[in-house]
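Sequential numbering from 218 applies to the sequence shown in the working numbering. The C-beta atom is built at its ideal place from N, Cα and C for all residues, glycine as well. Structure first, then comments.
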Amino acid sequence: MKELSLNILDVAQNSISAGATRLDLTLTEGESGWLTVVIADNGRGMSPEFLAKVTDPFTTTRTTRKVGMGLALYLLAAEQTGGTLRMESTPGQGTTVTATFDRKHLDCPPLGDLAGTVALLIQGSPELEVHYRHTTPRGEAELSTEELKAVLGDDISLAEPEIFTWIQTYLSEQEAQLEGAVQER
Ligand SMILES: Nc1ncnc2c1ncn2[C@@H]1O[C@H](COP(=O)(O)OP(=O)(O)OP(=O)(O)O)[C@@H](O)[C@H]1O
Ligand SMILES: [Mg+2]
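Structure, rendered in structure tokens:
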């Protein structure tokens, strides 16, 4: 995939498919250019046997086609930069997918539209509790649906188009500052 945000969206969709009610998406960048992406959910989890073979593109529980590609592509994206993919999962409790990327590596895709990705995730699953945080040496972008609901009240659905636009604009402004500072160096 051309943008990491698309990989991330794909992997986060697995959490929703797994019945998660909470999703934590945490990106941490260090001075060295290494990026760690943690996608954690409280969904149904996977057995150790299934987990061991889950990044194999022929492993899937989907019924519409035989090949599941999300995690295999994510693993490939991480490994192409010299990074790693680690998965931890407990049946009935949840799953944590941790990937590392060297953003200075020539084969590292751009981050892409993280703001749009988060807005899309929230709009598509308005009942899901989402906690997003992107920390870099230049600053931080952060949003949680709990904070949003506290401000908006319980009457308005997070699936409303106006909320989508608001989230995307709000986070784009924060993300732009993080990226902008990088180019000035
Ligand atoms: N967070 C998760 N919780 C529980 N099971 C998961 C999770 N992530 C992946 N899985 C299991 O691993 C399988 C493989 O996931 P993967 O994303 O690679 O492919 P897929 O979702 O089946 O297909 P695709 O991503 O191409 O639509 C899934 O079908 C699902 O059974
Ligand atoms: Mg998938």
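Sheet register partners of residue i (DSSP bridge)
| i | result |
| --- | --- |
| G356 | T353 |
| F318 | L252 |
| D258 | L240 and T312 |
| T245 | T253 and T352 |
Cut-off 6 Å between Cβ atoms - residues of its own chain near residue i, not counting five sequence neighbours on either side
| i | result |
| --- | --- |
| L331 | S222 and E392 |
| E377 | none |
| H351 | L244 and A358 |
| A237 | D258, N259 and G260 |
| T253 | T245 and T317 |
| S361 | H348 |
| S342 | I233 |
| T353 | E246 and L395 |
| L242 | I256 and Y349 |
| L302 | L292, A295 and A316 |
| S389 | A332 |
| E401 | Residue confidence for E401 is low, a pLDDT of 47 falling below 50, so the modelled location carries little weight and cannot support an answer. |
Alpha helix (DSSP H) segment containing residue i, residue limits
| i | result |
| --- | --- |
| T227 | The residue asked about is misnamed: residue 227 is Asp in this sequence, not Thr. Its alpha helix (DSSP H) spans residues L221 to S234. |
| T307 | That residue, T307, is in no alpha helix (DSSP H); its beta strand (DSSP E) goes L302 to T307. |
| E266 | P265 to A269 |
| T362 | T362 to L369 |
| G285 | Note, G285: premise wrong, no alpha helix (DSSP H); not H, not E. |
Residue interval of the beta strand (DSSP E) (run including residue i)
| i | result |
| --- | --- |
| E344 | First-last for E344: undefined, no H or E at that position. |
7 Å CB neighbourhood of residue i in its chain, flanking five on each side removed
| i | result |
| --- | --- |
| N231 | G287 |
| V228 | I256, G287, L288, Y291 and V314 |
| V271 | M263, L288 and M304 |
| G403 | With the chain covering 218 to 402 only, the question about residue 403 has no answer from this structure. |
| G250 | D319, R320 and K321 |
| G329 | E220, L221, S222 and L223 |
Cut-off 8 Å between Cβ atoms - residues of its own chain near residue i, not counting five sequence neighbours on either side
| i | result |
| --- | --- |
| K366 | L375 |
Should the region 314 to 323 be regarded as contacting the region 288 to 302, the criterion being three or more beta carbon pairs within less than 8 Å? yes
Would you say the region 249 to 269 touches the region 303 to 318, given that touching needs at least three Cβ pairs under 8 Å? yes
Around ligand 2, which residues pass a check of Cβ closer than 5 Å to any of its heavy atoms? N231 and G287
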